[in-house]
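Okay, structure first, notes after.
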Amino acid sequence: KAEGYTPKQIGMVDIFGFEIFKHNSFEQLCINFANEKLQQMFNKHTFLLEEKTYREEGITFDPVTFYDSQPLLDLLGLTVKGFAKVGLFQQLDVQTQM
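Just so you know, the sequence shown maps onto residues 302 to 399 in this note's numbering.
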């Protein structure tokens, strides 16, 4: 490492909380990314779509608030359907192709 070099980091919470490491590897980032994608799908189907159904049926309810990690998933992730967005994983793929 060059003198005075400080590595950059991206923090991402593992929703299941199984792993607690001082430093995570790229593989762990990929695992955490997949877990967050699953959590987003769960949140969307369990909370957002149910709330939409309740509204459509005129059912009174208390909305559930939850942390939306979609901006981080967009930064790291795969191309969003209908948009020409490129995430960090696509950039890494392009940069490492020979």
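In this text, a Cβ means the ideal position worked out from N, Cα and C, and glycines have one as well.
Membership of L350 in the alpha helix (DSSP H) is indicated by the continuous run L350 to E358. Its chain contains G388 and L389 as the residues whose beta carbon lies nearer than 7 Å to that of L376, once the 5 sequence neighbours on both sides are disregarded; these appear in chain order. The beta-carbon separation of Q341 and S370, rounded to 6 Å, stays under the 8 Å limit for a contact. Taking a 10 Å sphere around the C-beta of E337, we find 16 or more other C-beta atoms and assign the residue as buried.
In this structure, the alpha-carbon of E351 lies about 43 Å from that of P308. Residue environment for F367: exposed (fewer than 16 other C-beta atoms within 10 angstroms of its C-beta). Linking Q392 to K323 through their CA atoms gives a straight-line distance of about 26 Å. The C-beta distance from Y355 to F348 rounds to 11 Å, too long to meet the 8 Å contact threshold.
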